[in-house]
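S.K.: Numbering (my numbering), first residue to last: 69 to 319. C-beta atoms are modelled at their ideal positions from N, C-alpha and C, and glycine is treated no differently.
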């Protein structure tokens with residue numbers, strides 16, 4: 069105890085301080101990876117988002133040319149379990165190098181956004197973010213990219229706002245079916261049905277969106293059972309409409 073080797077408080081302070089990592093450090097490291105581009109940080113209510121402009125890489129003596137400003141914006145919706153600061157810089161740099169500005173935002177309770185995330189709150193929050201960015205910046209085309217569970221917010225935005233393209237990257241057709249494929253799936257499915265009665269409407273919003281859609285899927289997903297993936301959801305929806313259409317014509 070004299071040397072502190074058995075002091076619980078001392079070891080707790082060592083591993084709980086910010087010397088190892090903090091949200092501020094993670095945020096700074098992510099920004100450093102985009103240092104060739106201009107970054108604007110914004111807050112709308114409880115949501116923090118970052119606007120990264122693709123047209124801002126200039127030589128030291130060059131002046132920004134207003135004519136080179138990007139007219140296209142892509143809103144990124146993160147997967148589950150982390151803030152955008154844990155996202156792929158390679159993916160960000162790909163879009164930025166092709167003259168596409170990016171909007172990165174965090175769900176409630178992630179990064180510097182405040183509160184507690186739910187599906188319906190994320191749907192409302194992306195509307196706030198969209199409305200705010202169209203107010204502060206003028207873009208001719210706006211797309212939305214939903215990765216994994218980010219498809220919930222992305223599909224909703226495409227259904228209720230003017231969006232020029234929806235990119236659906238390994239999204240769920242049904243969150244409840246995804247829960248069913250996990251351990252104790254039947255219990256999780258029943259709980260989801262009871263608690264989130266109106267939350268599982270992703271496919272309805274996918275088809276409600278009138279913009280062009282790009283759907284990315286894994287041939288075999290080791291985590292999510294095939295019945296819960298968007299590729300199955302699209303097939304199921306089309307087949308259902310074909311059957312109902314045939315029945316109507318026969319009648």
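Give the range of the alpha helix (DSSP H) segment to which residue 190 is assigned.
M.R.: From DSSP, the alpha helix (DSSP H) with residue 190 extends over 187 to 204.
S.K.: Whose C-beta lies closer than 6 Å to the C-beta of residue 95 among residues of the same chain, with five residues either side of it excluded?
M.R.: The residues are 153.
S.K.: Could you tell me the boundaries of the alpha helix (DSSP H) in which residue 165 lies?
M.R.: 157 to 165 is the span of the alpha helix (DSSP H), which, as asked, contains residue 165.
S.K.: Take residue 229 and list the residues in its own chain whose beta-carbon comes closer than 6 Å to its own, dropping the five residues that flank it on each side.
M.R.: The answer, listed in chain order, is 198.
S.K.: Which residues mark the beginning and the end of the beta strand (DSSP E) in which residue 108 is found?
M.R.: Residues 106 to 112.
S.K.: Could you check the C-alpha separation between residue 192 and residue 226 for me, to the nearest Å?
M.R.: Cα to Cα, the separation comes out at about 13 Å.
S.K.: If I measure Cβ to Cβ from residue 122 and keep anything under 8 Å in the same chain, skipping five residues before and after, which residues do I get?
M.R.: Within the same chain, residue 122 has close Cβ partners 105, 138, 163, 164, 165, 166, 167, 168, 169 and 170.
S.K.: Would DSSP call residue 292 helix, strand or coil?
M.R.: Coil at residue 292, not helix or strand.
S.K.: Any idea if residue 148 is buried or exposed, counting beta-carbon neighbours within 10 angstroms, 16 or more meaning buried?
M.R.: With fewer than 16 other Cβ atoms within 10 Å, it is exposed.
S.K.: Give me the Cβ distance between residue 146 and residue 218, rounded to the nearest whole Å; I'm assuming they're in contact under 8 Å.
M.R.: That pair is a contact at about 5 Å.
S.K.: Using the C-alpha atoms, what's the distance from residue 179 back to residue 91?
M.R.: Residue 91 and residue 179: Cα-Cα distance of roughly 7 Å.
S.K.: Within 10 Å of its beta-carbon, does residue 307 have 16 or more other beta-carbons around it, so buried, or fewer, so exposed?
M.R.: Classification of residue 307: exposed, given that the 10 Å Cβ count is below 16.
S.K.: Could you check which residue in 113, 284 and 296 has the C-alpha nearest to that of residue 194?
M.R.: Answer by Cα proximity: 113.
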